[in-house]
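Before any comments, here is the structure.
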Amino acid sequence: MVRLAEVLRSILNDWGIDVQNIMSITTDNGRNILKSIEELNLENAHISCFAHNINIGDNHSLDIPVLKRAIARLKKLQNAFAMSWKMKRSPQSPRVTTNGGKNTSLCLSNSMVEHFKISETISGKSAANLQNPFRILK
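Using UniProt numbering, the first residue of the sequence shown is number 1, and each one after it goes up by one.
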């Protein structure tokens with residue numbers, strides 16, 4: 001069995017790099033890597049990879065029960081949007097705002113226009129065939 005420290009020493013020799021000239025070496029925290037660095041007497045030059053440590057922290061944080069539940073709920077919500085053509089079309093339900101009754105008709109009429117445009121697309125019926133879709137609002 002070939003030891004990692006011997007392979008590293010051989011590679012350094014092939015490149016003409018003296019082990020004593022190495023100021024730092026960045027690796028993950030694998031035991032085999034740490035052991036080989038120790039055998040090369042580079043343990044003081046070792047710098048743990050920041051990105052690897054962040055990744056480990058992220059993975060451990062996903063084990064927190066509260067986050068697991070939140071992620072599960074978000075996945076269900078995403079699946080609901082992915083499977084429902086209505087939710088894909090309109091992620092927000094139409095909102096009716098009442099400003100002393102001034103904006104209510106405008107909001108409803110805009111919602112109705114969208115509704116009839118979509119209905120026309122789906123059913124093939126023209127909104128022009130309808131008598132007056134906004135008469136309810138008057």
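Using N, Cα and C, we set each Cβ at its ideal position, and we do this for glycine too.
Is the CB-CB distance between histidine 52 and aspartate 28 below 7 angstroms?
Within the sequence shown, numbered from 1, the residue matching residue 52 stands at position 52. Within the sequence shown, numbered from 1, the residue matching residue 28 stands at position 28. Cβ distance < 7 angstroms, so histidine 52 and aspartate 28 count as in contact.
Who are the near neighbours of cysteine 49 in its chain, counting only those whose CB is closer than 6 angstroms to its CB and skipping five residues on each side?
Along the sequence shown, one-based indexing puts residue 49 at 49. Only Thr26, Asp28 meet the Cβ criterion.
Looking only at its own chain, which residues have a Cβ that is under 8 angstroms from the Cβ of asparagine 32, when we skip the five neighbours before and after it?
As a position in the sequence shown, residue 32 is number 32, starting the count at 1. Taken in chain order, the residues that qualify are Leu4.
Starting from the Cα of leucine 40, find the closest Cα among Ile56, Met23, Ile54 and give me that residue.
Locating residue 40 in the sequence shown gives position 40, counting from the first residue. The shortest Cα separation from leucine 40 among Ile56, Met23, Ile54 belongs to Met23.
Have a look at the DSSP bridge pairing and note the partners of isoleucine 25.
In the sequence shown, counting from the first residue as 1, residue 25 sits at position 25. Looking at the DSSP assignment, isoleucine 25 forms a beta bridge with His46.
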